[in-house]
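A.B. asks: Be aware that the sequence shown starts at 807, since it is given in my numbering, and climbs by one per residue. We treat Cβ as the ideally placed atom computed from N, Cα and C, and that holds for glycine.
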Amino acid sequence: KGEKQQPSYLLELVKGSKRFEGVKKFDNTLLAKKYPNCWSLPVVTLTSITLSLPNIQHRTLKTLLHGVSEGLGYAKHVERTLNNKDELVSVHKVAKRLWRQVECESKWLGNKLQDPDFKVKTALQIVEWFKEKSRNMVNGQQPYYLLELVKGSKRFEGVKKFDNTLLAKKYPNCWSLPVVTLTSIALSLPNIQHRTLKTLLHGVSEGLVYAKHVERTLNNKDELVTVHKVAKRLWRQVECESKWLGNKLQDPDFKVKTALQIVEWFKEKSRNMVNGVGSMDVGGPNDDPIFRSICANSMYRITETILILYKNSTDEVSKEELFKELSSMISDILAACLTNIPQVIIMKCKENTIEKREESVRDAATLLGKTTQIINTLHAHELPNLNLGELPFLDKWLDQVNL
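1. Do E1012 and Y1106 count as a contact pair if the criterion is CB distance below 8 Å?
2. So for N917, helix, strand or coil by DSSP?
3. According to DSSP, is W1050 part of a helix, a strand, or is it coil?
4. Is the separation between the beta-carbon of D991 and that of L1132 shorter than 8 Å?
5. Excluding the 5 residues flanking I1181 on each side, which residues of the same chain have their C-beta closer than 7 Å to its C-beta?
6. Identify, in the order they occur along the chain, each residue of the same chain with its Cβ nearer than 7 Å to the Cβ of C980, setting aside the five sequence neighbours on each side.
7. Let me confirm a value: A1171 is counted as buried when at least 16 other C-beta atoms fall within 10 Å, else exposed. Which label applies?
8. If we call anything under 8 Å between Cβ atoms a contact, is G964 one with D1138?
9. Leaving out five residues on either side along the sequence, give the residues of the same chain with a beta carbon under 6 Å from the beta carbon of Q812.
10. Note the first and the last residue of the continuous alpha helix (DSSP H) segment covering I1136.
11. On a CA-only basis, which of T1145, P984, D1169 is nearest K1156? Give me that one, please.
12. Please state if the CB of K1125 and the CB of N1219 are separated by a distance shorter than 8 Å.
13. So M1135 and F968 are supposed to be a Cβ contact under 8 Å. How far apart are they, rounded?
14. Could you give the uninterrupted runs of the alpha helix (DSSP H) lying entirely in the stretch 839 to 878, keeping only those of 4 residues or more?
15. Pick helix, strand or coil for P1198, following the three-state DSSP scheme.
16. Within the chosen definition, does the stretch 881 to 897 reach the stretch 821 to 831 through at least 3 CB pairs nearer than 8 Å?
17. Taking only the alpha-carbon atoms, compute the straight-line gap between Y815 and G877 and give it to the nearest angstrom.
18. Which residue's Cα is closest to the Cα of G873: V895, T1159, S846?
19. Can you determine whether any heavy atom of the ligand ADP sits closer than 7 Å to the C-beta of A1170, and answer yes or no?
20. Put E1164 into one of helix, strand or coil per three-state DSSP.
21. The alpha helix (DSSP H) spanning F962 covers which residue range?
22. Let me know the secondary structure DSSP gives P984 once reduced to three states.
23. Going by beta carbon distance, what residues of the same chain come within less than 6 Å of K773, once the five residues before and after it are set aside?
24. Need the endpoints of the alpha helix (DSSP H) that P1148 sits in, please.
25. Ignore the nearest five residues each way along the sequence and tell me which others in G1084's own chain have a CB closer than 7 Å to its CB.
26. Quick one: using the 10 Å Cβ neighbour count with 16 as the cut-off for buried, is L1055 buried or exposed?
27. Under the assumption that H1019 contacts V1150 (Cβ atoms under 8 Å), give the Cβ distance between them as a whole number of angstroms.
28. Using the Cβ count rule (16 or more neighbours within 10 Å means buried), how would you classify P1214?
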């Protein structure tokens, strides 16, 4: 009877183990440790990451899932019998509860393991996503990189600088699109330290999450909703593929161009798209006239404004100097946008529909918990002379600061 009930999936799984090399690999002993390790929790954590990887055969994932499920059943015997110190018992219970969520709901701490966004990320970008998600939770869920980014904002000067109001405008401005556009240019500049680029990328990625709250809650006019969707789609391409409308941001040709020549390149590329010249990716992922037009218009206006900004400069603008200027604009735009977060929280607490009220209030509490430091950081900033209903709109800010 015992032979017939052998855990076949677990048996196949452990047959792949040779010299316990994975025990040495999974945990960096140089990193500070807050809780003791038990056998089951790292297995559940590693399985969560594995199940999130797209394009793995369904049968392969199922085999792993069954093997881990059977394995945890036996690991429990070891932990209960030989590993029953108080501090370890708590970790065992956590692992059991987390596994129930992973196995039954295909989620890790409420986050879907089969997130559609993972399909366009590399394997290491997915691991990075888990790292950032968990780091934010460890740090009280405060968005660390975003906080560092908005700390650089002082008087919202970048809001005034990024867009020349004298240029004809075809589409309304939303908060997220100019941030994505400016970040695209910043990431294309060669000879910037990799760590500096990563810090900006993480800060913008975190910032766009909260900008989305402002745009969805307070900025939901039809013409703006279209621009929001375009910004989200473009950001996915910038973040995951390091491209802007199919053009590589780390183009080797940029290494021999000056900073302003790179800006000029983006200007000409976007101007041609705006005028319908040299349209690209026909039949490809960017073959969407509205999407391409909105992205190109944003890039054209911003690059033209940057070139005007440096028009009378007698010294050559270095790539580091331009990167610093672009980062400052990004910081100011995000900071201006996030001054509306308290208003978003209040609106969520005022949900009229009884069925949605509890969830909306819970969302508001979560949002407050995640943005408290940002709200406190921006509290002392002097806002433009706008009423409460105008503050959520970037174009209203532009009208006011350019008076």
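C.D. replies: Let me spell this out:
1. no
2. The answer is strand: DSSP assigns N917 an E or B state.
3. strand
4. Note on identity: in this sequence residue 991 is Ile, with Asp being the wrong assignment. The answer is yes: Cβ separation under 8 Å.
5. Non-local beta-carbon contacts of I1181 in its own chain, meaning distances under 7 Å to residues more than five positions away in sequence, involve I1147, P1148 in chain order.
6. E1021, N1025, L1030, V1033, H1034, A1037, L1200
7. Under a 10 Å Cβ-count criterion, A1171 is classified as exposed, with fewer than 16 other Cβ atoms of the shown protein chains found around its own Cβ.
8. Yes; because the gap between Cβ atoms is below 8 Å, this pair is in contact.
9. If you ignore the 5 residues before and after Q812, its C-beta comes within less than 6 Å of no other C-beta in its own chain.
10. 1125 to 1144
11. The option with the nearest alpha carbon to K1156 is D1169.
12. Absent from the structure is residue 1219, since the part of the chain shown begins at 807 and ends at 1209.
13. 5 Å
14. 846 to 858
15. P1198: coil per DSSP, three-state reduction.
16. No, because fewer than three Cβ pairs between the stretch 881 to 897 and the stretch 821 to 831 fall closer than 8 Å, the two stretches do not touch.
17. 9 Å
18. S846
19. You won't find the ligand ADP in this model; it holds no ligand whatsoever.
20. Helix, per DSSP.
21. Premise fails: F962 is in no alpha helix (DSSP H) and is neither H nor E.
22. Looking at P984 - three-state DSSP - the assignment turns out to be helix.
23. Only positions 807 to 1209 of the chain appear in this structure, which leaves residue 773 out of reach.
24. 1147 to 1155
25. Unreliable positioning characterises G1084 in this predicted model, as indicated by a pLDDT of 44, which lies under 50. A coordinate reading is not provided.
26. buried
27. 5 Å
28. This structure leaves residue 1214 out entirely; the chain is present only between 807 and 1209.
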